[in-house]
Amino acid sequence: MPKRRARGLWFAVAVAVAGILCGALGLSVVLTGGYSVHRMDGTAMEPGLRPGDRMLADEVAAADVRRGETYIADSPWGLHGSPVFRVMALGGQRIACAGGQLSLDGQPLDEPADRQAGTCGRDFDVTVPPGRAFLMGDRRATVTDSRLHLDDGHQGTVELARLTGDRVVWHSGGDSPALPGKLVGAALLMVLGALLTVPGLLAAVVIASFAAARRRAPADPLD
Numbered sequence: 191m192p193k194r195r196a197r198g199l200w201f202a203v204a205v206a207v208a209g210i211l212c213g214a215l216g217l218s219v220v221l222t223g224g225y226s227v228h229r230m231d232g233t234a235m236e237p238g239l240r241p242g243d244r245m246l247a248d249e250v251a252a253a254d255v256r257r258g259e260t261y262i263a264d265s266p267w268g269l270h271g272s273p274v275f276r277v278m279a280l281g282g283q284r285i286a287c288a289g290g291q292l293s294l295d296g297q298p299l300d301e302p303a304d305r306q307a308g309t310c311g312r313d314f315d316v317t318v319p320p321g322r323a324f325l326m327g328d329r330r331a332t333v334t335d336s337r338l339h340l341d342d343g344h345q346g347t348v349e350l351a352r353l354t355g356d357r358v359v360w361h362s363g364g365d366s367p368a369l370p371g372k373l374v375g376a377a378l379l380m381v382l383g384a385l386l387t388v389p390g391l392l393a394a395v396v397i398a399s400f401a402a403a404r405r406r407a408p409a410d411p412l413d
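Once you know that position 205 of the sequence shown is 395 in our numbering, the rest is easy, because the numbers rise by one and skip nothing.
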């Protein structure tokens, strides 16, 4: 019996340790992944992002900024706070509005209908300098974006460094996207860790308590 209890105790401890390691690994992915949580203010990205929606953002290098993605910009054009924009064009790309049609590198941009209204209230033709981006909000008729700063010396473009802190990878709301695979994996690891740790620790405590009680009990001559 003592040997069996000892084996059971070691097994329970091993299960608990495995659970702790799984949970720690999942937590480390979350903590070291550069993720941050934000709250959407304003209506610049309606209808996809509405005031009060929660946003999950991650850090990216300037070389990893992609056209079409949504970013929380670092006070471009002296705007207060951290407004949210969509990257419409990157260095070397030509974005233009002419005759009410938005185009990229000479090709009409196929966008959802709810973004098109008010896009080309003013004609422009911008070739984005290297290391910069042309930004627009999704609610084009009312948002302050690159189109309203065409005469600022940079044709309304902003440095990529203003975007690398916060790329929106998930948000709450009606059109909420799926969580990034890395975060899903981390969450599964933490859940698995809890499922292993709690029963393992409970089993270890029960076995150790039973063993201690047996040691305190008078010896049974028939045992």
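Glycine included, C-beta positions come from ideal geometry on N, C-alpha and C.
Query                                                                                                                                                         : Result
Where in the stretch 303–364 do unbroken runs of the beta strand (DSSP E), each at least 3 residues long, occur, reported from the N-terminal end onward?     : 314–317, 322–326, 357–361
Report the rounded CA-to-CA distance for V333 versus L382, giving the unit in angstroms.                                                                      : 45 Å
Distance check for L392 and G209, CA to CA, integer angstroms please.                                                                                         : 13 Å
CB-CB under 7 Å to R357, same chain, minus the five flanking residues each way: which ones, in chain order?                                                   : A247, D248, V250, E259, Y261
For T233, which of helix, strand or coil comes out of DSSP?                                                                                                   : coil
Under the rule that 16 or more other beta-carbon atoms within 10 Å means buried, what is D335, buried or exposed?                                             : buried
Please report how far the alpha carbon of G364 lies from the alpha carbon of A401, in whole angstroms.                                                        : 56 Å
What whole-angstrom Cβ distance do A323 and V255 have, given they're in contact under 8 Å?                                                                    : 7 Å
Quick check: the Cα distance between T317 and S362, rounded to an integer number of angstroms?                                                                : 34 Å
Does R170 come out as helix, strand or coil in the three-state DSSP assignment?                                                                               : Nothing about residue 170 can be reported from this structure: the residues present for the chain run from 191 to 413 only.
Applying the criterion that 16 or more other CB atoms from any shown protein chain within 10 Å of the CB defines a buried residue, is V277 buried or exposed? : buried
Among A303, G308, P302, G281, which one has its Cα closest to the Cα of D295?                                                                                 : G281
Can you tell me whether DSSP reads D419 as helix, strand or coil?                                                                                             : Here the chain has residues from 191 to 413 only, and residue 419 is not among them.
Tell me, please, which residues DSSP counts as bridged to V220.                                                                                               : Bridge partners of V220: none, in fact.
Taking its Cβ as the centre, do 16 or more other Cβ atoms sit within 10 Å of L353, making it buried, or is it exposed?                                        : buried
Let me check understanding here. Comparing Cα to Cα, which of A234, G238, R312, I285 lies closest to Q297?                                                    : I285
Determine the burial state of D315: buried for a count of at least 16 other Cβ atoms within 10 Å of its Cβ, exposed for fewer.                                : exposed
Quick one: Cα of C212 to Cα of A202, how far?                                                                                                                 : 15 Å
Here's the rule I'm using: 16 or more other beta-carbon atoms within 10 Å means buried, otherwise exposed. How should D300 be labelled?                       : exposed
Classify V348: buried if its beta carbon has 16 or more other beta carbons within 10 angstroms, exposed otherwise.                                            : buried
Find the nearest neighbour of A252 within the set V359, A398, A384, A351, judged by alpha-carbon distance.                                                    : A351
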